[in-house]
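Visitor:
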Amino acid sequence: MGIALAAALLGAAAVILALKYGHWKGANRGGDFSEGSSDEVRRRIDRVRNMQQEVEDYRATLEKRLLEISGMTVETARQELIDQMKENSDDYLEELRHELLDVPEARLEARARAVLLAAMQRVGSTPMTEETSTTVALPNDEMKGRLIGREGRNIRSFESVTGVSLLIDETPDTVLLSGFDPVRREIARVALEALIKDGRIHPASIEEKHAEAMREMDKAVISLGEEAIRKLRLSSVHPEIVTLLGKLHFRHSFSQNTLDHSVEVAFLCSLLASEIGFDPVLAKRAGLFHDLGKAIDHEFEGSHASAAAKILRHHGETAEVINAVAASHEEVDAESPYAGLVMLADSISASRPGARADSTEGYIQRVRSLESLSRGFEGVKDCYALQAGREIRVIVDPENVPDDQAKRLALQIRNRIENELQYPSTIKVTVIRESRFSETAK
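Position 152 (the sequence shown) corresponds to 304 in this note's numbering; numbering is contiguous.
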């Protein structure tokens, strides 16, 4: 109330001073300085000084009266005025912060979700359920004996030529091909089916059919690579890169076909780049080539991302694409936004529902392994695998595990998971340390 009254009195004083000042101005306008009289100038200077003194007297009188009415000192009034201005400023600043920061941030998050959702919905890929094992059907069980040959010469020759193990067991009308290299395993499958169809099985025919299967595989690999290029409408891709792309068709990651995954990542990169204003063609090329290193032989040292980057650099790809591929697994620093697009699209393709089929037995085994690994650390009371094995929550004894040790424990569990377990996408590790105290009133 004191401040309001003070403001009213100050307003009244301002009106009085304005009226007096206006009277003085009017008096001045009535004079004439054209004569240049020094006496007249001195008289007017004296009048101005008198009016200035009168204004000061008015101000002092009003200030004293205001202090008497409000019952405050000058310092108290000044502090109250400052506090009131701060309060008004805080409200204004809070409103301004909300307007400038919170609202745009919420809009950006909504926009980001819309972009990701639109990109995922537009990629209409079917669930990928390819099996990594290779089986070959036989017309009858008699064929098993012919494949083995006298004293096992046929099966030994087949495994020596193809580099793939031929497993013959009691399963009716079926044999199993086992080999680490999926391309070799596919060549062996084609050669074996040709031998069964021909009926003549001996070491010479095995070598002949294997050579024919290799020629067919070379054509199939190029055809698959070119089909991926056509599907994405890309151009100027070196033939060696096309061949490597075709070989990705025979490689799988957690039952997800690597070539199909690479094509899907390329489409996602292109869609995301178009939404946020980047070059969709560069993004598409980076997404398609990000797993190229999985088809490169062991002659190229380093991880599959760095090996792919070396191949792409050798064949004249742009710096943005090379860096995006090399940085796709955070092994090098990203130098352009395309690396982030590749990492995001790779994560979406790998983690979306249906992308990576998993059997019930495999899922149960992964969850059990995850929980068993976490329980092996000292101080752990219990742990639970959540979200289909994508998160592990570890509960520790608060009396034996302090806060700093709980933080280190989360890092130790993460490192052991990365080194000892195989899992799709990522696994979040959460260590919970809490104390609970309860009493019962009777």
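Glycine residues also receive a C-beta, built at the ideal position from the N, C-alpha and C atoms. These numbers were taken from a predicted model, which means no experiment stands behind them.
Starting from T410, follow the alpha helix (DSSP H) in both directions and report where the run begins and ends.
Guide: Element bounds for T410: T410 to I428.
Visitor: According to the neighbour-count rule (16 or more other Cβ atoms, all chains shown, within 10 Å of its Cβ), is Q517 buried or exposed?
Guide: By the C-beta density criterion, Q517 is exposed, having fewer than 16 other C-beta atoms within 10 angstroms.
Visitor: For K238, which of helix, strand or coil comes out of DSSP?
Guide: helix
Visitor: Taking the alpha-carbon positions, what's the M495 to E572 distance?
Guide: 23 angstroms
Visitor: If you count every other CB in all the chains shown that lies within 10 Å of the CB of K177, and 16 or more means buried, which is it?
Guide: Because K177 carries a pLDDT of 44, less than 50, the predicted location of this residue cannot be relied on, and the following value inherits that uncertainty. By the 10 Å Cβ count, K177 comes out exposed.
Visitor: For a test of the three-state rule: what should DSSP assign to R181, helix, strand or coil?
Guide: With a pLDDT of only 45 at R181, under the threshold of 50, the placement of this residue in the model should not be trusted, and no figure is reported.
Visitor: Whole angstroms is fine: what's the gap from A558's alpha carbon to N475's?
Guide: 37 angstroms
Visitor: Does A289 come out as helix, strand or coil in the three-state DSSP assignment?
Guide: strand
Visitor: Tell me which residues share the same chain as D325 and place their Cβ nearer than 7 angstroms to its Cβ, disregarding the 5 neighbours each side in the sequence.
Guide: A289, L290, N292 and D293
Visitor: In chain order, what residues of the same chain have a beta carbon less than 7 angstroms from the beta carbon of G174, not counting five sequence neighbours either side?
Guide: At G174, the pLDDT of 48 sits below 50, so the modelled position is not reliable; the number obtained from the coordinates is stated separately. Hits under 7 angstroms: none found.
Visitor: To the nearest angstrom, report how far apart V316 and N306 are at their CA atoms.
Guide: 13 angstroms
Visitor: Determine the burial state of I428: buried for a count of at least 16 other Cβ atoms within 10 Å of its Cβ, exposed for fewer.
Guide: exposed
Visitor: What would DSSP say about T132, mapped onto helix, strand or coil?
Guide: This structure leaves residue 132 out entirely; the chain is present only between 153 and 594.
Visitor: Can you list, in chain order, the residues of its chain with a C-beta nearer than 8 angstroms to that of S455? Leave out the 5 residues immediately preceding and following it.
Guide: Cβ neighbours of S455 within its own chain (closer than 8 angstroms, five residues either side excluded): G445, H481 and E483.
Visitor: Are L400 and L384 closer than 7 angstroms when you measure CB to CB?
Guide: no
Visitor: Between A447 and C421, how many whole angstroms is the CB-CB distance? I'm expecting something under 8 angstroms.
Guide: Not a contact, Cβ separation roughly 19 angstroms.
Visitor: Let me know if L319 comes out buried or exposed under the rule of 16 or more other beta-carbons within 10 Å of its beta-carbon.
Guide: With fewer than 16 other beta carbons inside 10 angstroms of its own, L319 counts as exposed.
Visitor: List the DSSP bridge partners of I547.
Guide: D534 and I584
Visitor: Quick check: is any heavy atom of the ligand HEM less than 6 angstroms from the C-beta of A425?
Guide: In the structure on display, the ligand HEM does not appear, and there are no ligands present to speak of.
Visitor: By how many angstroms is the C-alpha of A343 removed from the C-alpha of I353?
Guide: 11 angstroms
Visitor: If you follow the alpha helix (DSSP H) that V327 is part of, which residue opens it and which one closes it?
Guide: From DSSP, V327 is part of no alpha helix (DSSP H) but of the beta strand (DSSP E) over T326 to S330.
Visitor: Apart from the five residues just before and just after V532, which ones in its own chain have a Cβ nearer than 6 angstroms to its Cβ?
Guide: Contacts found: V546 and V548.
Visitor: Roughly how many angstroms lie between the CA atoms of E586 and D556, to the nearest whole one?
Guide: 13 angstroms
Visitor: Using 7 angstroms as the limit for Cβ to Cβ distance, is A537 near chain B?
Guide: Protein chain content of the structure displayed is limited to a single chain, and chain B is not contained in it.
Visitor: Could you give the distance in angstroms between the alpha-carbon of S590 and the alpha-carbon of E543?
Guide: Each residue's CA atom was taken as its position, placing S590 and E543 some 30 angstroms apart.
Visitor: Are the CB atoms of D443 and S488 within a distance shorter than 7 angstroms?
Guide: Taking 7 angstroms as the Cβ cut-off, S488 and D443 do not qualify as a contacting pair.
Visitor: From the DSSP output, read off the bridge partner residues of H404.
Guide: N409
Visitor: Pick out whichever of R308, L440, A435 and S499 has its Cα sitting closest to the Cα of V359.
Guide: It is Glu, not Val, that sits at residue 359 in the sequence shown. Nearest option by C-alpha distance: R308.
Visitor: According to DSSP, simplified to helix, strand and coil, what is L573?
Guide: Of the three classes helix, strand and coil, the one that applies to L573 here is coil, per DSSP.
Visitor: Out of G468, A478 and E472, which one is the CA nearest neighbour of A460?
Guide: A478
Visitor: If you follow the alpha helix (DSSP H) that L344 is part of, which residue opens it and which one closes it?
Guide: Run containing L344: P334 to D350, per the alpha helix (DSSP H) assignment.
Visitor: How many Å lie between F441 and A365 at the Cα?
Guide: Just so you know, the alpha carbons of F441 and A365 end up roughly 27 angstroms apart.
Visitor: Which residues bound the alpha helix (DSSP H) around L384?
Guide: P355 to L384
Visitor: Between L328, T395 and G492, which has its C-alpha nearest T287's C-alpha?
Guide: L328
Visitor: Name the two residues that bound the continuous alpha helix (DSSP H) containing L299.
Guide: E294 to I300
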